[in-house]
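Our numbering numbers the first residue of the sequence shown as 15 and each following residue consecutively. See structure below.
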Amino acid sequence: MKVTARIYFGILFYLFLFTFGSPATAQTYTITDLGVLPGYTSSLAYYVNSSGQATGCSDNSSSQSSLCVGDSASAAYYWAPDSSGMVNLGSLAGYDAIVGVTINDSEEIVGLAQNSQTDISRGFVWTQLSGLVELPQLA
15 MKVTARIYFG ILFYLFLFTF GSPATAQTYT ITDLGVLPGY TSSLAYYVNS SGQATGCSDN
75 SSSQSSLCVG DSASAAYYWA PDSSGMVNLG SLAGYDAIVG VTINDSEEIV GLAQNSQTDI
135 SRGFVWTQLS GLVELPQLA
C-alpha cells in the first residue's frame, strides 16, 4: 500500500508540474519618455490604453505634486508609440487648463477643461476625425 501511495503521489506531482509548466516569469515593461508639448516644461500621462497610446497634460509646474491640477494653464495631449511625438489636442474658448483623462482603444480621449480663474470646468471628447468637442453641460 505504501508503494502504491508513493507512486500515486509521484504521478500527481509530475502531472501538476507539466500541467502548469515552468515557473512564471516576471512581466517586463519599457519606460518611454513622452516629452512635453512646446511651451511647457512638465508633462503627466493620466492613462495608457492597451495599444500603448497615452493622454494627459503638459504644464509649467515646478513640482510633481502640482502637475496638471487645474490651477494654472495646461494643454492636453495625445501620444502614440508610432507617432513623432505629442499632439496638442487644442483649446476651448474660455478654458486655459485642459487635461486628457482617459483614452479608449478607439483612440477617443475624454478629458476636462477648466478656467483656472473662475474654477468653472467642462468635459470634452477628442478624436482624430472631429478634434476637440465640448460636451454639453448636465442639467
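Where a beta carbon is used, it is the ideal one built from N, C-alpha and C, also for glycine.
Within the continuous beta strand (DSSP E) that includes residue i, where are the two ends?
| i | result |
| --- | --- |
| Gly108 | Per DSSP, Gly108 belongs to no beta strand (DSSP E) and is neither H nor E. |
| Leu58 | 56-62 |
| Val147 | 145-148 |
| Gly49 | From DSSP, Gly49 is part of no beta strand (DSSP E); its letter is neither H nor E. |
Going by alpha carbons, who is nearest to residue i out of the options?
| i | options | result |
| --- | --- | --- |
| Pro52 | Gln67, Asn74, Ala111 | Asn74 |
| Leu152 | Gly137, Thr55, Leu58 | Gly137 |
| Ile117 | Tyr91, Gly108, Ala127 | Tyr91 |
| Ile45 | Ala68, Gly114, Ser72 | Ala68 |
| Thr141 | Gly108, Val113, Leu103, Ala107 | Leu103 |
| Ser79 | Ser57, Leu126, Gly125, Ile112 | Ser57 |
| Gly108 | Leu126, Glu121, Ser97, Asp119 | Leu126 |
How long is the line joining the alpha carbons of residue i and residue j, rounded to whole angstroms?
| i | j | result |
| --- | --- | --- |
| Met15 | Ala40 | The predicted position of Met15 is uncertain, since its pLDDT is 46 and thus under 50; no value can be drawn from it. |
| Asp110 | Ser77 | 19 angstroms |
| Thr42 | Gly99 | 23 angstroms |
| Val101 | Gly49 | 11 angstroms |
| Asp47 | Ala94 | 12 angstroms |
| Ile112 | Ser135 | 9 angstroms |
| Leu149 | Ile123 | 12 angstroms |
Are residue i and residue j closer than 8 angstroms when you measure CB to CB?
| i | j | result |
| --- | --- | --- |
| Ser130 | Ser86 | yes |
| Tyr60 | Val147 | no |
Check the DSSP bridge columns for residue i and list the partner residues they point to.
| i | result |
| --- | --- |
| Ala89 | Ser72 |
| Ile123 | Ile117, Trp140 |
Does any residue of chain B have a CB that is nearer than 8 angstroms to the CB of residue i?
| i | result |
| --- | --- |
| Asn63 | The question asks about chain B, but that chain is absent: this structure has only one protein chain. |
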